[in-house]
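Reading through the structure tokens given below for one structure.
Protein chains: 2
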Amino acid sequence: MPRITQERRDANRAAIVAAARRCFSRQGFHQTSMPDIAREAGVSAGASYRYFAGKEDIILEIAGETFAMMFAPLHQVAGAASVADLLAATADPISGERDRDAVGELLRCTVQIWGELLTNESMRERAAAGFEQARADLADALRRGQSAGTVAAEVDPDQAARVLMALLHGLILQRVAFGLDDTAAFARELQVLVSQAGVLTPGGSELKD
Amino acid sequence: MPRITQERRDANRAAIVAAARRCFSRQGFHQTSMPDIAREAGVSAGASYRYFAGKEDIILEIAGETFAMMFAPLHQVAGAASVADLLAATADPISGERDRDAVGELLRCTVQIWGELLTNESMRERAAAGFEQARADLADALRRGQSAGTVAAEVDPDQAARVLMALLHGLILQRVAFGLDDTAAFARELQVLVSQAGVLTPGGSELKD
DNA sequence: TTACCGTGAATGAGCGTTCACTTTGACTGT
DNA sequence: ACAGTCAAAGTGAACGCTCATTCACGGTAA
Numbered sequence: 014m015p016r017i018t019q020e021r022r023d024a025n026r027a028a029i030v031a032a033a034r035r036c037f038s039r040q041g042f043h044q045t046s047m048p049d050i051a052r053e054a055g056v057s058a059g060a061s062y063r064y065f066a067g068k069e070d071i072i073l074e075i076a077g078e079t080f081a082m083m084f085a086p087l088h089q090v091a092g093a094a095s096v097a098d099l100l101a102a103t104a105d106p107i108s109g110e111r112d113r114d115a116v117g118e119l120l121r122c123t124v125q126i127w128g129e130l131l132t133n134e135s136m137r138e139r140a141a142a143g144f145e146q147a148r149a150d151l152a153d154a155l156r157r158g159q160s161a162g163t164v165a166a167e168v169d170p171d172q173a174a175r176v177l178m179a180l181l182h183g184l185i186l187q188r189v190a191f192g193l194d195d196t197a198a199f200a201r202e203l204q205v206l207v208s209q210a211g212v213l214t215p216g217g218s219e220l221k222d
Numbered sequence: 014m015p016r017i018t019q020e021r022r023d024a025n026r027a028a029i030v031a032a033a034r035r036c037f038s039r040q041g042f043h044q045t046s047m048p049d050i051a052r053e054a055g056v057s058a059g060a061s062y063r064y065f066a067g068k069e070d071i072i073l074e075i076a077g078e079t080f081a082m083m084f085a086p087l088h089q090v091a092g093a094a095s096v097a098d099l100l101a102a103t104a105d106p107i108s109g110e111r112d113r114d115a116v117g118e119l120l121r122c123t124v125q126i127w128g129e130l131l132t133n134e135s136m137r138e139r140a141a142a143g144f145e146q147a148r149a150d151l152a153d154a155l156r157r158g159q160s161a162g163t164v165a166a167e168v169d170p171d172q173a174a175r176v177l178m179a180l181l182h183g184l185i186l187q188r189v190a191f192g193l194d195d196t197a198a199f200a201r202e203l204q205v206l207v208s209q210a211g212v213l214t215p216g217g218s219e220l221k222d
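Heads up: the protein sequence lines correspond to chains F and C, in order. Numbering of the first sequence is given in the numbering used here, commencing with residue 14 and proceeding in unit increments. Numbering of the second sequence is given in the numbering used here, commencing with residue 14 and proceeding in unit increments.
As structure tokens, then:
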């Protein structure tokens, strides 16, 4: 039948998503109009609606991309040797050694999505699922580290994984909002903090126990 | 002449800001209309414009509140004993022991503001200034800790302060987006990570007590 | 050939903002 | 004390604009 080939259809769809990513990254979700996206993609305003139900649908697609970028790599941190190594692995896709442009755009979208999570129920559910999966992956890696003797037994894998996720998210915000893109320095300092102990005296540890 | 008293004027203004805070927290910046805010404040649509130049102006006011909440407390962390204590102090206003509602609302606004930073130049400048100030305050506290011998000399105060800010921001996101509001558990785990060293093996100089 | 694809002007809803008008309350003169 | 005064404050319907979405039509590829 006289459609276009699936291949071409996929390519068109991908082009629209890529255009949306650029627009969202540059202007933000709410300052980007559907005609903006269409123009950036080189198609007419109506064409996008052959591929997406609406703007919301495109945002969800982008959100899926950001989740994949952030969480998928964590699923295969098999043999992380230490807590600091775990962060390095976690932060790897963020560091932007590869695909610098696409990664940067997606990170700018990520921060905007955090804001969307507050009002978009289905998006929050998806994000929460991804977060819990990532946290579980990190916790598993930490448990393996404890078995191997490279991670202290006192570490609570689930709680430590939560701390690592906080570090990852904070790192993203710093890069995107404040231009602090030296991920390596961040990881290095974290290594110092966790491996050499920032605390020498138990004096100020009323938080313990 | 026949105005209202300055006191009353201030109160009205504060009521509008408070209404905006509630609306923004509940519906998000872009899903909240000016009439929404006015209705929540119990005034008519036009009244808000006697107090604010426009919606943008109200958002800026809220942004100022969030910056004050997050950064002002850090300016007086005089005698933090350790890295983990520093985070506890940093996270204190966030923990929501006091003003639970107002703090929660402001934190939800905070996450949305992160998204605004990407496209609002003046807001990013203000946020960056607050961030650098907070980072400097934390770095100073760390230096004092080093002088007092409660913080390891290997710690780079500026970099470590950056890590602490990432933890704070990540903690906020977890609370707001994923409902993880157990700040105490977070601080406790961080204490374990920094004080007992998550890493036992790789070339770790052992400066522990 | 023909069923789908792309087009872009049209549509309608929603929003920020304004403004002609009414109400209010601080000041004034007694 | 107090009533009158009047500029500012409050009102809410209306305006103009933007934007997401639609659709009737010409184009195109299987």
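Glycine is no exception: its CB is placed at the ideal position from the N, C-alpha and C atoms.
Output the distance between the C-alpha atoms of residue i and residue j, rounded to the nearest integer angstrom.
| i | j | result |
| --- | --- | --- |
| Val-207(F) | Arg-157(F) | 18 Å |
| Met-136(F) | Thr-163(C) | 44 Å |
| Gly-109(F) | Gly-117(F) | 7 Å |
| Arg-35(C) | Ile-185(C) | 18 Å |
| Ala-115(F) | Arg-26(C) | 43 Å |
| Ala-198(F) | Ala-104(F) | 12 Å |
| Ile-17(C) | Gly-59(C) | 17 Å |
| Gly-211(C) | Gln-159(F) | Its pLDDT being 37, under 50, Gly-211(C) is placed unreliably by the model, and the measurement read from it follows with that caveat. Their Cα atoms are separated by approximately 10 Å. |
| Ala-200(C) | Thr-79(C) | 22 Å |
| Glu-145(F) | Leu-181(C) | 19 Å |
| Phe-42(C) | Arg-21(C) | 27 Å |
| Gln-44(F) | Gln-19(C) | 37 Å |
| Trp-127(F) | Glu-74(C) | 21 Å |
| Glu-138(C) | Ala-149(F) | 37 Å |
| Arg-63(F) | Arg-111(F) | 32 Å |
Do residue i and residue j have their C-beta atoms closer together than 8 Å?
| i | j | result |
| --- | --- | --- |
| Val-205(C) | Glu-167(F) | yes |
| Gly-125(C) | Phe-65(C) | In the sequence on display, residue 125(C) carries Gln and not Gly. No. Outside cutoff. |
| Ala-97(C) | Leu-203(C) | yes |
| Leu-151(C) | Leu-99(C) | yes |
| Ile-71(F) | Ala-31(F) | no |
| Ala-179(C) | Gly-183(F) | yes |
| Ala-51(C) | Ser-61(C) | yes |
| Leu-87(F) | Ala-161(F) | no |
| Val-90(C) | Ala-154(C) | yes |
Give me, in chain order, the residues of the same chain whose beta-carbon lies closer than 7 Å to that of residue i; leave out the 5 immediate sequence neighbours on both sides.
| i | result |
| --- | --- |
| Lys-68(F) | Met-47 |
| Asn-133(C) | none |
So, is residue i buried or exposed, given that buried needs 16 or more other C-beta atoms within 10 angstroms?
| i | result |
| --- | --- |
| Arg-121(F) | buried |
| Ile-29(F) | buried |
| Gln-187(F) | buried |
| Arg-113(C) | exposed |
| Ala-24(C) | exposed |
Just to confirm my understanding: we take residue i, look at its own chain, exclude 5 residues before and 5 after, and list those with CB closer than 6 Å. What are they?
| i | result |
| --- | --- |
| Val-189(C) | Leu-120, Arg-121, Val-124 |
| Ser-95(F) | Thr-163 |
| Asp-169(F) | none |
| Pro-106(F) | Met-82, Pro-86 |
Leaving out five residues on either side along the sequence, give the residues of the same chain with a beta carbon under 8 Å from the beta carbon of residue i.
| i | result |
| --- | --- |
| Gln-40(F) | Asp-49 |
State yes or no: is the C-beta of residue i nearer than 7 Å to some heavy atom of the ligand HEM?
| i | result |
| --- | --- |
| Leu-131(F) | This structure simply doesn't include the ligand HEM, nor any ligand for that matter. |
The stretch 167-177 of chain C / the stretch 191-198 of chain C touching (three or more Cβ pairs under 8 Å): no
If you pair each beta-carbon of the stretch 47-66 of chain F with each one of the stretch 75-90 of chain F, do three or more pairs fall below 8 Å? no
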